[in-house]
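Residue numbers (my numbering): 23 to 538.
We put the beta carbon where it would ideally sit given N, CA and C, even for glycine.
None of these values were measured; they are calculated from a predicted model.
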Amino acid sequence: MRRHIGFTLAVLAVCATAHATGVNLTAHVGDGSGLSAVTVNPGCTLDYTITADTTDSLHMGLALIGFDVSFDGGDMVIAPEPISGAMTAFVVPDGITNPMGFGGTPIAPLVCSDATGNCTGLVLGDACGATGTCGLGPVELVQVGGGQNTILNGQTGCTVDTDCPGTTCTIDADCTAAGATCVQGKCSYGACVGLVCEAVASFPTGLVTTMIGMPGAPVDIVSGEVTVPAGTADGVYMLRIKNVFGNVIRAGETGIPFWAVDQIVTTGTGSGTTTNLAITVDSTASCPGPGTAPVALSWKSIGQHGPGCTFNPACGGAEYGLDIPAAPATTFSESRSTGVNKIVVTYDQDVNLNSASILVTGCNVDGTAAVTSGITMSVIAGATPDQAVMQFVPSLPGNNPQIGETPVKYEITLDGVTSLIGAVASGPETRTITAIFGDANSVPITVNNGDLGFVRSARDIILARPAGMQVVDPNSATGMFEIRADINNDNTVSNGDLGLVRVARDSITQPSGLCP
Numbered sequence: 023m024r025r026h027i028g029f030t031l032a033v034l035a036v037c038a039t040a041h042a043t044g045v046n047l048t049a050h051v052g053d054g055s056g057l058s059a060v061t062v063n064p065g066c067t068l069d070y071t072i073t074a075d076t077t078d079s080l081h082m083g084l085a086l087i088g089f090d091v092s093f094d095g096g097d098m099v100i101a102p103e104p105i106s107g108a109m110t111a112f113v114v115p116d117g118i119t120n121p122m123g124f125g126g127t128p129i130a131p132l133v134c135s136d137a138t139g140n141c142t143g144l145v146l147g148d149a150c151g152a153t154g155t156c157g158l159g160p161v162e163l164v165q166v167g168g169g170q171n172t173i174l175n176g177q178t179g180c181t182v183d184t185d186c187p188g189t190t191c192t193i194d195a196d197c198t199a200a201g202a203t204c205v206q207g208k209c210s211y212g213a214c215v216g217l218v219c220e221a222v223a224s225f226p227t228g229l230v231t232t233m234i235g236m237p238g239a240p241v242d243i244v245s246g247e248v249t250v251p252a253g254t255a256d257g258v259y260m261l262r263i264k265n266v267f268g269n270v271i272r273a274g275e276t277g278i279p280f281w282a283v284d285q286i287v288t289t290g291t292g293s294g295t296t297t298n299l300a301i302t303v304d305s306t307a308s309c310p311g312p313g314t315a316p317v318a319l320s321w322k323s324i325g326q327h328g329p330g331c332t333f334n335p336a337c338g339g340a341e342y343g344l345d346i347p348a349a350p351a352t353t354f355s356e357s358r359s360t361g362v363n364k365i366v367v368t369y370d371q372d373v374n375l376n377s378a379s380i381l382v383t384g385c386n387v388d389g390t391a392a393v394t395s396g397i398t399m400s401v402i403a404g405a406t407p408d409q410a411v412m413q414f415v416p417s418l419p420g421n422n423p424q425i426g427e428t429p430v431k432y433e434i435t436l437d438g439v440t441s442l443i444g445a446v447a448s449g450p451e452t453r454t455i456t457a458i459f460g461d462a463n464s465v466p467i468t469v470n471n472g473d474l475g476f477v478r479s480a481r482d483i484i485l486a487r488p489a490g491m492q493v494v495d496p497n498s499a500t501g502m503f504e505i506r507a508d509i510n511n512d513n514t515v516s517n518g519d520l521g522l523v524r525v526a527r528d529s530i531t532q533p534s535g536l537c538p
């Protein structure tokens, strides 16, 4: 019997499926190996991850995904909710889940002790099959997963109150919510405020993320653990994915007035594949470890380059990253006008990062502590799950001479980054960044004639190219050279950048290294 527990709001925008999109679901060992088979000893606790990608690209990514998870050999425990990455859009309050949360609802199903029978329509203790009785089987997780805010609760555009979602009505008495009244045929559950409807419910309230789980780009849906009970007989036991359901965002949707979605197909043509995790129990085997600890491969300071990007990190231009070295600590500066705005750390495996893992300290030229009040630091989803991304809004102080800012040296420390199965990265790991506008060559950490020469050389390289190619090229052999020289972030190196460096040279007097 199918157990429908939640997701009421997440399926409101379902329409007739125009084509047969399915989903491929795979249960992996949670050690980063990608294997769907493992051998363990009785009594072991095993980490697992379930990934998904769709069977075609005739849509704009997953809007809703859910399934049940069971283990032949024992009970399942509720899986943790994702705290970073694409699936955070599917978690309350941004998204919607069943009442027990994204990690599923534990339910022990009725099973017949006689393999020839079943318990459909029966209750605990009833006879089933030839000689069996109905009893409780191992605990399963029902409706693991969640849905995005495709109905745009709290996000819908409007011009008057009646544009906002609400129950149709003829009189005030038709509106059952406390304080709601009937306005032009709709209950005023949500009012038009600032051209956006107020939320009619406490969740979902997040923005929709498109292109999740596209073909060939599987997304990690959930990671958890399962324990093989002590005394389990040797043999093969399956961790099973079943009762799959979901929606995809219809191709061409813009979110106006909501994101229309189509239901995925789970049987027949185009339905995709389900790969379960085979757990072989062998009394002579050993327990697997928690996987390897994440190792940082690179740190980058990200800036956007394009028209209108000067001192505007939200300009929508192309993102270019500059490598931040581990040591020595005084050899990197962020000289571009957008400043220290986004830091991306790429690891050797998928990771989880939360704001509690980040420490940012800064000091001014005179040695006093930098003031960062009013700066919002957020952990946001990276382009890939192996990225830990920190976003500062507005940019950290120190890189805008238009408002009288002077250089600031920052230490950014990550401590507590984990793999998806809980292996903790060795740490803490720290990078030092000096926000100093115009310091194109970064050695020494100051603005001088060397920076003028650096920018002039980059300008001449670009001007020597054929007409129409006078833009920063991050893929060229001199790409990083050009990016550092594009002080005003307008995607080219010109006399405008030279002028900015000249002004900075004449107005900034500051020794290399700054404060301790």
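Residue i (DSSP reduced to helix, strand or coil)
| i | result |
| --- | --- |
| Ile173 | coil |
| Arg272 | strand |
| Phe354 | coil |
| Ile286 | coil |
| Arg24 | Because the pLDDT at Arg24 is just 39, under 50, the model does not fix this residue reliably, and the point stays unresolved. |
| Arg527 | helix |
| Ala149 | strand |
| Gly521 | helix |
| Ala32 | Confidence in Ala32 is poor, its pLDDT being 39 and thus under 50, which makes the residue's placement too unreliable to answer from. |
| Ala378 | helix |
| Arg487 | coil |
| Gly228 | coil |
| Asp90 | strand |
| Val62 | strand |
| Phe6 | The chain is shown only over 23 to 538; residue 6 falls outside these bounds and no answer can be derived. |
Residues bridged to residue i (per DSSP)
| i | result |
| --- | --- |
| Gln424 | BP columns for Gln424 are empty, so no partner. |
| Arg453 | Ile434 |
| Phe414 | Met399 |
| Ile324 | Gly343, Lys364 |
| Glu247 | Asp69 |
| Gln492 | Answer is none; Gln492 lacks a bridge partner. |
Inter-residue spacing [alpha-carbon to alpha-carbon] between residue i and residue j
| i | j | result |
| --- | --- | --- |
| Pro450 | Thr353 | 20 Å |
| Val393 | Val446 | 31 Å |
| Leu31 | Arg358 | Any reading at Leu31 must be qualified, since the residue scores a pLDDT of 37, below 50, and its modelled position is unreliable; no value is offered. |
| Val145 | Asn363 | 60 Å |
| Lys264 | Gly107 | 24 Å |
| Val166 | Ser224 | 21 Å |
| Gly159 | Ile173 | 38 Å |
| Ala318 | Val366 | 10 Å |
| Val266 | Cys150 | 27 Å |
| Gly139 | Val248 | 28 Å |
| Ser245 | Ala255 | 26 Å |
| Asp148 | Asp136 | 12 Å |
| Ala35 | Asp284 | A caution first: Ala35 carries a pLDDT of 45, below 50, which makes its placement in the model unreliable, though a value can still be read off. One C-alpha to the other measures close to 8 Å. |
| Leu68 | Ala59 | 11 Å |
| Gly328 | Ser516 | 13 Å |
| Thr276 | Val205 | 28 Å |
| Val415 | Ser377 | 14 Å |
| Ala391 | Asp473 | 27 Å |
| Gly65 | Asp304 | 11 Å |
Check whether residue i and residue j have beta carbons under 8 Å apart
| i | j | result |
| --- | --- | --- |
| Gly168 | Val113 | yes |
| Leu520 | Arg487 | no |
| Thr360 | Gln409 | no |
| Cys186 | Cys214 | yes |
| Met82 | Ile271 | yes |
| Val19 | Thr73 | Outside the displayed span of the chain (23 to 538) sits residue 19, for which this structure offers no information. |
| His50 | Gly56 | yes |
| Leu80 | Gly268 | no |
| Pro251 | Thr77 | no |
| Leu261 | Leu299 | yes |
| Gly235 | Asp116 | no |
| Gly501 | Asp495 | yes |
| Pro423 | Ala499 | no |
Residue of the options minimising C-alpha distance to residue i
| i | options | result |
| --- | --- | --- |
| Tyr432 | Glu103, Thr383, Thr295 | Thr383 |
| Val439 | Ala480, Gly460, Gln371, Val393 | Gln371 |
| Pro347 | Glu427, Thr454, Gly257 | Thr454 |
| Ile129 | Met109, Ile118, Ser323, Phe93 | Phe93 |
| Thr314 | Ala221, Thr43, Asp53, Gly44 | Asp53 |
| Ala282 | Val525, Asp90, Pro310, Thr232 | Thr232 |
| Gly179 | Ala195, Cys219, Pro416, Ala152 | Cys219 |
| Val222 | Gly246, Cys197, Ala239, Gln206 | Cys197 |
| Ser400 | Asp388, Gly389, Gln413 | Gln413 |
| Ile505 | Gly253, Arg481, Gly490, Gly95 | Arg481 |
| Phe503 | Ile484, Ala489, Met491 | Ile484 |
| Pro429 | Glu356, Gln492, Asp437 | Glu356 |
| Ala111 | Asp388, Gly518, Ala403 | Ala403 |
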